[in-house]
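In this note's numbering, the protein residues as written are 3 to 77.
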């Protein structure tokens, strides 16, 4: 004999559609937000040695972080 816990029926609260983020009304995922700054960041990090990239690409990285935060992402 096995014991199975009975699941509660879904409620209106548990099935509610999450509120849209006013900063990101299109519902963009982090991978799709800020393609321009993402591309610049990636190009910069690929151009430099891994030990140099964080300092050489700091300004590009800060622009990308600012763009992501403008969409409400916690970066």
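Note that CB positions come from ideal geometry on N, CA and C, so glycine has one too.
_Mapping the DSSP letters down to three states, classify residue 45 as helix, strand or coil._
helix
*Pick helix, strand or coil for residue 25, following the three-state DSSP scheme.*
coil
_Within 8 Å, do at least three Cβ pairs link the stretch 34-47 to the stretch 55-70?_
yes
*Just to confirm, does residue 36 get its C-beta within under 8 Å of one of the non-hydrogen atoms of the ligand MG?*
The model on display carries no ligand, and the ligand MG is accordingly not part of it.
_Quick check on the DSSP output: the alpha helix (DSSP H) that includes residue 55 runs from which residue to which?_
55-58
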